[in-house]
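Down below is the structure, laid out as structure tokens.
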Amino acid sequence: CAYMKIICCGTVFVFGYNAVCSILKGLGDSKSPLAFVAIAAAVNIVLDIILVGPFAMGTEGAAYATIASQGISFMISVIHLKRRNSVFDFKFRHFAVKPDKMAAILKVGLPAAAQMAVVNISYLLITGMLNRFGVPVAAASGVGLKINTFAGMPCWAIGQAVTAMAGQNFGANDIDRVRKTTKAGLYLNIIITLLTVLLVQLFAKPIMMIFNPVNAEVISDGILYLRICCGANSLVYAVMYTFDSFAIGVGSANIAMFNALLDAVIVRLPVSWLLAFTFGFGFPGIYIGQALSPIIPAIAGFLFFRGRRWENNRLIQQNREVSYDYERQ
């Protein structure tokens, strides 16, 4: 409880850091945020050792170490942004709330937040289903999810790059480059995801044994999870995530939110439940449900990309007005 209270008090640093890093990525600088994360991790490790060790502060010490590292990372990122780009002078008068600008941000931000909430809630419910099959299945699925998450990081990184680059080109009204950027991101995502999946499939057992070298049942169930959930479906997920990233970049975050609902609510949860409990597949049915979930959203994202409605998104004009207003101040 004390840990959570301290961590919650430090969320202002997390928000500030993410906001600054989003600006940097929008300016085409993805290296600096990586450096800031590395600094935060190093500071966190050092403070953990000091506060939990010699000062014997326990979990509270770990919490203070976390928010201190986040605060330091935030301050460094602010200083870097101020030196890098004179537009962001961080004067108090420029922090006024302006309804038109807030509306432009919320138009993209709220659907993106809803997307993340839907996805995380669906995984909580999936975890609840898997827990019904006993400790070995729950443990194997937890480890499998961690491995799958790690394997998906390159895909997410490329997706963030697609969002930033598509947004830059879209703001410049260069529609042709938006399409080329998205296609390049899609091809790159598929290739890297394919290589990652091949590695996971080839070394599924050794990877599982890193987390649990003793329990044969956990290892076996975990390998099954990776065979189903980190296979060909990962390529479909890469397609879905690329098009979702593109949609957010062009100001149509509602498309990404809609795809999240398709993925989680329409496919993953009901199909997993039906296969596992109605048709008697057991816990492998839940794995299959997860594997099938990105297919429909990937198709929907592709159709949105091929269409032309997004080219006339009014957020372009809103963003131009915002930038012009700021420059005149």
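Mapping of the sequence shown onto the working numbering: position 232 corresponds to residue 287, and the numbering continues sequentially without gaps.
The beta-carbon is built from N, C-alpha and C at its ideal position, and this holds for glycine as well.
None of the values given here were measured: they were computed from a predicted structure.
Could you compute how far the alpha carbon of residue i sits from the alpha carbon of residue j?
i: Arg232; j: Gln215; result: 16 Å
i: Ala117; j: Ile350; result: 41 Å
i: Met263; j: Gly277; result: 7 Å
i: Lys80; j: Pro88; result: 8 Å
i: Gly65; j: Ala90; result: 20 Å
i: Phe205; j: Ile343; result: 20 Å
i: Leu106; j: Arg364; result: 55 Å
i: Leu180; j: Ile100; result: 33 Å
i: Val67; j: Met157; result: 19 Å
i: Met59; j: Ile94; result: 23 Å
i: Ala271; j: Pro261; result: 12 Å
i: Tyr379; j: Pro339; result: In this prediction, Tyr379 has a pLDDT of 42, which is less than 50 and means its spatial position is unreliable; nothing more can be read from the coordinates.
i: Arg375; j: Ala159; result: At Arg375, the pLDDT of 45 sits below 50, so the modelled position is not reliable; the number obtained from the coordinates is stated separately. For Arg375 and Ala159, the distance between alpha carbons rounds to 11 Å.
i: Val92; j: Gln125; result: 9 Å
i: Lys146; j: Ile310; result: 35 Å
i: Thr182; j: Ala227; result: 44 Å
i: Ala212; j: Lys153; result: 31 Å
i: Leu82; j: Met184; result: 43 Å
i: Arg187; j: Val255; result: 27 Å
i: Thr237; j: Lys201; result: 28 Å
i: Ala120; j: Cys63; result: 13 Å
i: Phe357; j: Phe110; result: 55 Å
i: Ala287; j: Ile246; result: 12 Å
i: Ala151; j: Arg139; result: 22 Å
i: Cys76; j: Ala172; result: 21 Å
i: Val69; j: Asp155; result: 25 Å
i: Leu250; j: Ala346; result: 18 Å
i: Pro325; j: Tyr178; result: 13 Å
i: Leu136; j: Asp84; result: 10 Å
i: Phe336; j: Ile230; result: 47 Å
i: Arg383; j: Leu161; result: Below a pLDDT of 50, predicted positions are generally treated as unreliable, and Arg383, at 43, falls in that range; no measurement from the model is reported.
Are residue i and residue j closer than 7 Å when you measure CB to CB?
i: Phe266; j: Val192; result: no
i: Asn360; j: Val305; result: As written in the sequence, residue 360 is Phe, which differs from the Asn given in the question. No.
i: Met312; j: Gln170; result: yes
i: Ile341; j: Ala331; result: yes
i: Ala167; j: Ile303; result: yes
i: Ala308; j: Val163; result: yes
i: Asn244; j: Thr297; result: yes
Taking residue i as the reference, which of the options has the closest Cα?
i: Ala74; options: Asn99, Phe129 and Ile104; result: Phe129
i: Gly207; options: Cys284, Val69 and Ile104; result: Cys284
i: Val273; options: Thr182, Ala172 and Gly189; result: Gly189
i: Pro4; options: Tyr296, Ala353, Ala195 and Ser124; result: One cannot answer for residue 4 here, as it falls past the ends of the chain, which runs 56 to 384.
i: Asp103; options: Ala123, Gly286, Ile230 and Ser85; result: Ala123
i: Met295; options: Tyr242, Thr333, Thr121 and Gly335; result: Tyr242
i: Tyr72; options: Ile134, Pro109 and Gly335; result: Ile134
i: Ile127; options: Phe334, Gly335, Ala96 and Arg148; result: Ala96
i: Val252; options: Leu329, Thr333 and Asn203; result: Asn203
Short of 8 Å in beta carbon distance, which residues of its chain neighbour residue i, apart from the five on each side in sequence? Order them along the chain.
i: Val174; result: Ala315, Asp318 and Ala319
i: Leu165; result: Ala308
Can you list, in chain order, the residues of its chain whose CB lies under 6 Å from that of residue i, leaving out five sequence neighbours each side?
i: Ser348; result: Asp318, Val322 and Arg323
i: Thr248; result: Cys210, Ser289, Leu290 and Ala293
i: Ser300; result: Gly214, Val217 and Thr218
i: Ala259; result: Ile278 and Leu281
i: Ala353; result: Val291, Val294 and Met295
i: Ala57; result: Glu115
Is there a C-beta anywhere in chain C that falls below 7 Å from the one on residue i?
i: Gly116; result: Protein chain content of the structure displayed is limited to a single chain, and chain C is not contained in it.
Output needed for residue i: all residues of its chain with C-beta closer than 7 Å, excluding positions within five of it in sequence on either side, in chain order.
i: Gly113; result: Val107
i: Lys235; result: none
i: Ile61; result: Glu115, Ala118, Tyr119 and Ile122
i: Met220; result: Thr236
i: Ile131; result: Phe91 and Ile94
Mind pulling the beta strand (DSSP E) runs of 3 or more residues that sit fully within the segment 317-346? Under the rule that a run must span 3 or more residues, no beta strand (DSSP E) segment is found entirely inside the segment 317-346.
For the segment 99-178, list the alpha helix (DSSP H) runs that are entirely contained and at least 4 residues long, ordered along the chain. Every unbroken stretch of the alpha helix (DSSP H) spanning 4 or more residues and falling wholly within the segment 99-178 is given here in chain order: 113-139.
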